[in-house]
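Each residue of the sequence shown is one higher than the last, beginning at 0 in numbering that gives the first Met the number 0.
Following: one structure in structure tokens, then a few remarks.
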Amino acid sequence: MKKIVKILLLIGVVALAIPKSYGQVSVGVSISANIAPPALPVYVQPACPSDGYLWQPGYWAYSPDGGYYWVPGVWVAPPNPGVLWTPSYWGFEGGSYGFHMGYWGPHVGFYGGINYGFGYGGVGFGGGRWEGGHFRYNTAVVNINRTVIHNTYIDRTVIVHTTSRYSFNGPGGIDRRPNAAEESAMKERHIEATAEQRQHQDFASKNKAQFANVNHGRPAAAAMNKVGGRAYTSRGQAANLARANASVAKTRANDNAAKTRANDNLAKTRANDNAAKTRANDNLAKTRANDNAAKTRANDNAARTRANDNAAKTRANDNAAKTRANDNAAKTRANDNAAKTRANDNAAKTRANANTQRTQQKQQQAQHKQPQHTQQQRAQQPHPAKKAEPEKHE
């Protein structure tokens, strides 16, 4: 067991003795978002805590879960003497906003033309320079306690007066492309952000008071004097992150309670709406059923009426047919009677003619049978005497 402990200690000593090495860092997009980052907050820079520290300006980072959050501006120790920090920036490319992570290098490269302040006016860096392995600070743009740090100078020509708070490069933000010096610096050998810098961003990502959807662009901690050090508000006052987070937690609890109530009310409203719709549908179904029943009854009544009308028509037709048949039968009987009458009349006429003929025949026969003396007697009968004519007197 003792041997194992000695081996582990030896490995640890060897690991500490190995010098740090930094490889080439590619300059590109590490994460993208569909909406633009908020405007840069205006804040006071805290004093540099130690000689040799360089300023890393604050920036908006992005979390897929919570959206944009503010990484406070902070004084950091560079990985090596002679290197400068090129800040991170957002750029609009291909329909989205891409995040370009910052890096260390011998010269400051392109950082989107963003005016971060404190020496980062959009092009290069005017907050100081390396001289003989020591960094000299330009107190015209950075906050240095000159009673502690003496390697300073003043150059006011680097001050950029602008009210622009754009936090991204592209349409709607800063419209600027890299110049020749920046393109050259982008091709140099770079060193990625140090572990402290990554820790600093991770700390901000876990602090809910730093998220834009909570602070509305006014983060609780706008800047810090060093990684893990003292936090400051935008006015340069000490930031009480515990109180801010408690306030955020309370606000979130209230928001959640309000959302819960809103959801409950919405659920009740939906339930009432659904119940009302159900009742309306039931009433509509009943109305339709009543309408259908009424239509059915109306159809039945119409069918009965049509049937009665058809039956009445049939009876009327039958009666008319019977009447016509009776009329025809009466006409036939009348014709028959007339025919019989005519026949009887004709028979009577025939009999009368026959009787007349027989009578005439008998008379003729009788005339032929009379004796001649009858004719003589008729001739000998005296003629009647003539009446005396009255005497005419004049």
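Positions of the beta carbon are idealized from the N, C-alpha and C atoms, including for glycine.
Source: prediction; values computed, not measured.
I'd like the list of long-range same chain contacts for R164, defined as Cβ closer than 6 Å, with 5 residues on each side in sequence excluded. A38, L39
Have a look at V24 and E187 and give me their C-alpha separation to the nearest angstrom. Below a pLDDT of 50, predicted positions are generally treated as unreliable, and V24, at 46, falls in that range; the measurement from the model is reported next regardless. Distance between the alpha carbons of V24 and E187 is about 9 Å.
What residue range does the beta strand (DSSP E) around E130 cover? 127-130
For S204, which residues does DSSP report across the bridge? Answer by DSSP bridge pairing: none, since S204 is not bridged.
Counting Cβ pairs, one atom from each stretch, are 3 or more of them under 8 Å apart for the segment 141-157 and the segment 64-72? no
In three-state terms, what does DSSP make of T85? strand
Cutting at 7 Å between CB atoms, please list the residues of its own chain near G22, excluding the five before and the five after it. Because G22 sits at a pLDDT of 37, beneath the cut-off of 50, its placement in the model cannot be relied upon, and the following sentence gives the value as read from the coordinates. Cβ within range, chain order: n/a, list empty.
Assess, as a yes-or-no matter, whether the segment 113-125 is touched by the segment 153-168 under the definition of 3 or more beta carbon pairs within less than 8 Å. yes
Reduced DSSP category for E92 - H, G, I as helix; E, B as strand; rest coil: strand
Any 3 or more C-beta pairs closer than 8 Å across the segment 189-207 and the segment 125-139: no
For T85, which option in E181, T156, G94 has the closest C-alpha, if you only look at C-alpha atoms? E181
Excluding the five sequence neighbours on either side, which residues of its own chain have a C-beta within less than 8 Å of the C-beta of S20, listed in chain order? Low per-residue confidence applies at S20: pLDDT is 33, beneath 50, and the placement is therefore not dependable, though the value from the model is reported in the following sentence. Excluding positions up to five away in sequence, the list is empty.
When we look at the beta-carbon of L53 and count the other beta-carbons within 10 Å, is it buried (16 or more) or exposed? buried
For A179 and V157, believed in contact at Cβ under 8 Å, the rounded distance: Wrong, their Cβ atoms sit about 20 Å apart, outside the cutoff.
Near Y136, what residues of its chain come up, given a Cβ to Cβ distance below 6 Å and the 5 sequence neighbours on each side ignored? G127, I143, T151
Kindly indicate which residue of A306, G171, E195 has the alpha-carbon position closest to the one of P77. E195
Confirm, please, whether the CB-CB distance from P177 to F109 is below 9 Å. yes
Give the DSSP-derived three-state secondary structure of K19 in the structure shown. Per-residue confidence for K19 stands at a pLDDT of 38, beneath the threshold of 50, marking its modelled position as unreliable; the derived number appears in the next sentence. Looking at K19 - three-state DSSP - the assignment turns out to be coil, as it is neither helix nor strand.
Under 8 Å Cβ to Cβ from N33, same chain only, skipping five residues before and after it: list those, please. S95, Y96
According to DSSP, which residues form a beta bridge with N144? N144 pairs with nothing; no bridge assigned.
When the Cα of T161 is compared with those of Y119, G81, A238, which residue comes out closest? Y119
In DSSP terms, what E55 is bridged to: Checking the sequence shown, residue 55 turns out to be Gln, not Glu. Beta-bridge pairing links Q55 to V73.
Where does T304 sit, in a helix, a strand or coil, going by DSSP? helix
Measuring CB to CB, does Q209 end up less than 9 Å from F117? no
Between V226 and V75, is the Cβ-Cβ spacing less than 9 Å? yes
Mind checking which residues open and close the beta strand (DSSP E) that includes N137? 133-137
Please name the residue or residues paired with Y102 in a DSSP beta bridge. T85
Residue closest to G101, alpha-carbon to alpha-carbon, out of A346, D344, M185: M185
Spatial neighbours of G132 within its chain, please: CB distance less than 8 Å, with the 5 preceding and 5 following residues excluded, ordered by chain position. P80, G81
Is DSSP giving S183 helix, strand or coil here? helix
Quick one, are the C-beta atoms of Y58 and T232 less than 9 Å apart? no
Ordered along the chain, which non-local residues of its own chain (more than five positions away) have a Cβ less than 8 Å from that of N280? none
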